[in-house]
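Since the structure comes first, as structure tokens, the remarks are kept for the end.
Residue numbers (full-length UniProt numbering), protein chains in the order written: chain A, 1 to 239; chain B, 1 to 239.
As structure tokens, then:
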């Protein structure tokens, strides 16, 4: 009985890893779709999110069944409860990848991202994908050092986000308001995606150490808000 | 024993209601702060979010202790698990109210919202507060009809969000890019706040009926994305 139970617990972990892999792939493909104005690819990302939602529903049902049938305590109980929260993070990450793809579709056949921001958006997309791949690895390996590493990777995302704002607020911005709105939202989507990847990793830290990652490493970046036009140091402070 | 248990379950419900009241008040005060450029009020909203975070941590700990000690099954188990997810929605709503307040602080002594958008932002803030008050009431009363009503209130938020985008994309927009970025983010904060209020209510529906609210009423508004500049009907479709 105890063995079937641990198998069930493992299978919940497997689902989390599968979800992380799907949403990591989704954000990568959504980024390509928006940079290349590739409608087919955008549609496929939008469609594929259903699978992530299904996996979450299924994981949730299995977790609740496990709680009811096996009534785990201590660490096992925390694993199940934390898995539920991780699945919510991953489901939301899938939505955010889908938002990027929907923006690509909305602007098709035009490109939502002007040429001079391609490199930054590409970097944000690649970093988001890499963060999620690491989060998946943390779920598998329970490697606390790797989990804490995600925090500094997330700093790189914040930096990219600031670069985006600097472009937007540069007097030479010539792409108009619609593109400014699109780029603002895109920046927000990537930043939130990264936050969820970090959150997944932090929850693993909590499981392993019993401490919230915040307490282990207090220097956590809050959400970035736009800097002042002057580009002074108030950007981070304001977040 | 069974009585102490139900008291504990009730107290988790009480915490959810308290969280909903705090974040409802926070979004109202944050809206005043940003419209009036009231730095003191903004600071107090930012500060008050700590209390919401504490309540969530505390609720989570009590829920896990309850699961371990009492090992509830069936409906009671679903109540505890769903409460955990509702508390996450409420905690995130608090963050969003805090984001509004932080934007007020960042732009102080200037006003982030131009005069011609005051009315729209005020309405978004009031609607957000009302939605959260209703969500709290749904948690208390378990009133499924009221919960479903939140969906149509949320349609009103989507409409306001579209009005905001129309202003932004109007050729006569004269407030520059920085304000466009601020208004875009504000719109997103209010929309997401409303989504979380609706999510709380929907989770109550799920508890009462055993069905996801989506299945009871399939016409759920997805996240709004910016409309095309032409202002055609593609806005909702693109979301």
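Every residue gets a Cβ at the ideal spot worked out from N, C-alpha and C, and that includes glycine.
Note down, in chain order, each residue of its chain lying with its Cβ closer than 8 Å to the Cβ of residue i, except the 5 sequence neighbours on either side.
i	result
residue 52/B	19, 22, 23, 26, 90, 91, 94
residue 108/B	37, 39, 42
residue 157/B	124, 127, 128, 131, 190, 191, 194
residue 149/A	134
residue 218/A	The predicted position of residue 218/A is uncertain, since its pLDDT is 39 and thus under 50; a value taken from the coordinates is nonetheless stated next. Once the five neighbours on either side are set aside, residue 218/A has no close Cβ partner at all.
residue 71/B	none
Measuring straight from C-alpha to C-alpha, what distance separates residue i and residue j?
i	j	result
residue 8/B	residue 110/A	56 Å
residue 249/A	residue 76/A	Outside the shown range of chain A, which is 1 to 239, sits residue 249/A, and nothing can be said about it.
residue 199/B	residue 86/B	8 Å
residue 104/A	residue 171/B	23 Å
residue 168/B	residue 120/B	12 Å
residue 137/A	residue 117/B	46 Å
residue 47/B	residue 106/B	15 Å
residue 10/A	residue 141/A	13 Å
residue 240/A	residue 3/B	For residue 240/A there is no data in the structure shown, the boundaries of chain A being 1 and 239.
residue 147/B	residue 84/A	24 Å
residue 249/A	residue 166/B	In the structure as shown, chain A starts at 1 and stops at 239, and residue 249/A therefore has no counterpart that could be examined.
residue 175/A	residue 188/A	19 Å
residue 153/A	residue 164/A	17 Å
residue 63/A	residue 12/A	7 Å
residue 134/A	residue 210/A	21 Å
residue 112/A	residue 122/A	13 Å
residue 5/A	residue 139/B	33 Å
residue 114/B	residue 186/B	12 Å
residue 160/B	residue 59/B	34 Å
residue 202/A	residue 179/A	34 Å
residue 162/A	residue 197/A	19 Å
residue 82/B	residue 173/A	46 Å
residue 177/A	residue 177/B	7 Å
residue 49/A	residue 17/A	15 Å
Drop a sphere of 10 angstroms on the beta-carbon of residue i, count the other beta-carbons inside from all chains shown, and report buried for 16 or more, exposed for fewer.
i	result
residue 97/B	buried
residue 151/B	buried
residue 285/A	With chain A running from 1 to 239 in the structure shown, residue 285/A is simply not present.
residue 184/A	buried
residue 54/B	exposed
residue 73/A	exposed
residue 69/A	exposed
residue 65/B	exposed
Excluding the 5 residues flanking residue i on each side, which residues of the same chain have their C-beta closer than 6 Å to its C-beta?
i	result
residue 126/B	none
residue 56/B	87, 91
Take residue i and list the residues in its own chain whose beta-carbon comes closer than 7 Å to its own, dropping the five residues that flank it on each side.
i	result
residue 45/B	26, 29, 30, 33, 97, 98, 101
residue 78/A	207
residue 67/A	80
residue 35/A	113, 118, 121, 122
Please tell me whether residue i has its Cβ less than 9 Å away from any Cβ of chain C.
i	result
residue 81/B	The structure shown contains no chain C; its protein chains are A and B.
* Enumerated in chain order, which unbroken segments of the alpha helix (DSSP H) with a length of 4 residues or greater are wholly contained in the UniProt domain "PhoU" (16-103) of chain A? -> 39-70
* Asked: According to a CB-to-CB cut-off of less than 8 Å, which residues of the stretch 178-204 of chain B neighbour chain A?
  -> 178, 180, 181, 182, 184, 185, 188
* Within the stretch 134-199 of chain B, note down every full beta strand (DSSP E) run reaching 3 residues or more, in order along the chain. => none
* Using Cβ-Cβ distances below 9 Å, what residues of the stretch 45-77 of chain A are close to chain B? -> 57, 60, 63, 64, 67, 68, 69, 71, 72, 73, 74, 77
* To do: Determine which residues of the stretch 87-103 of chain B have a Cβ less than 8 Å from any Cβ of chain A, and write them out in chain order.
  => Contact annotation: in the stretch 87-103 of chain B, residues whose CB is within less than 8 Å of a CB in chain A are 88, 95, 99, 102, 103.
* Name the residues in the stretch 109-143 of chain B whose C-beta lies less than 8 Å from a C-beta of chain A; which are they? -> none
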